[in-house]
């Protein structure tokens, strides 16, 4: 018998010893990974914590012309000019997607009496075949002119669909001409690195949005412990006969017998033990049978 038994599995001393060693090794690995996560959180948040906060146009213009480093800058973003195609115009940028409705087929199952039948059904979906981008050449942020391709402009908003024919249409997504929000970037002489723009957010809101929470490390530990517990359970539930190479057959039969007994009711086990005792008491004595 092991040190613990129930209807699911039995834990032997050898299995317990091996599991402790494996758990210790995996726990060490978990501590190492958690350390990497913590270091990543620290390195990422450090640039946000040390970034200079700018709300004045003159200061931002100075930063843009020097190797200023990381900044949070809050101000107005305006398009210089307008962009669009012949149908939709007057925006900072317009994305036009050519979409076609495509027919697909799939197998559908349904009940037909006592049986399950299937049939081929068709359905349609819109798929993008090509994309065209129209944008202004430059934008102005906090009074400074910046190339559109350098500035991290906001995500486009859906505007409308324009049908070409029954199965073809254009989908339009646009950027407005004006925004107010916070720019985070590493500024190096007219170049914005690691940049993101957060419309309708002040510096404090953008800072909180970008900063990585310590909860990510806690989430890792929660997942790690759950996986470790599951693997340990599966290890104990397995027969693990590889731990007993000289006794595989004996242990396999013993485990089967123990599981069978555990699944039997108390009355069934009592009857089985009584039957074994009766068989033992009525068995002929080997020595007297030889003498006769």
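In my numbering, the protein residues as written are 559 to 850.
Note that beta-carbon positions come from the ideal geometry of N, C-alpha and C, so glycine has one too.
Given a length threshold of 4 residues, each whole run of the alpha helix (DSSP H) inside the segment 732-818 is given here in chain order: 761-768 and 773-795. Per DSSP, reduced to three states, the secondary structure at residue 572 is helical.
Judged by DSSP in its simplified three-state form, residue 677 adopts strand.
Excluding the 5 residues flanking it on each side, residue 646 has same chain C-beta neighbours closer than 6 Å at 652 and 730, in chain order. Straight-line spacing of the CA atoms in residue 700 and residue 611 works out to 13 Å. Secondary structure at residue 714: coil, using DSSP grouped into helix, strand and coil.
In this structure, the beta-carbon distance from residue 609 to residue 630 falls below 8 Å.
Every alpha helix (DSSP H) of 4 residues or more that sits fully in the segment 586-640 is shown, in chain order, as 615-622. In the structure shown, residue 702 falls within a strand segment according to DSSP collapsed to helix, strand and coil. Selection 658, 582 and 706 evaluated against residue 721 yields 658 as nearest (Cα-Cα). In the structure shown, the three-state DSSP call for residue 694 is coil.
Cβ-Cβ distances below 7 Å link residue 743 to 629, 750, 751, 752 and 753 in the same chain, with the five nearest sequence neighbours on each side left out; the list follows chain order. Annotation: the continuous beta strand (DSSP E) that includes residue 666 extends over 651-670. Assigned with DSSP and collapsed to three states, residue 579 falls in helix. Residue 756 sits buried, since 16 or more C-beta atoms from the chains shown fall within 10 Å of its C-beta.
Taking a cut-off of 8 Å on C-beta distances, the segment 701-718 does not touch the segment 671-678, as fewer than three cross pairs fall below it. Straight through space, the alpha carbons of residue 664 and residue 791 are spaced by roughly 40 Å. In the structure shown, residue 688 adopts extended strand secondary structure according to DSSP, grouped into three states. When DSSP reads this structure, residue 727 sits in a beta bridge with 657 and 721.
Taking C-beta atoms as the reference points, residue 740 and residue 764 count as a pair closer than 8 Å. With at least 16 other beta carbons inside 10 angstroms of its own, residue 733 counts as buried.
The Cβ atoms of residue 644 and residue 633 lie no closer than 8 Å to each other.
CA-to-CA, the gap between residue 692 and residue 642 works out to about 5 Å. Its Cα nearest to that of residue 713, the residue 737 stands out among 725, 617, 737 and 690. When the alpha-carbon of residue 639 is set against those of 667, 787 and 695, the nearest one is in 695.
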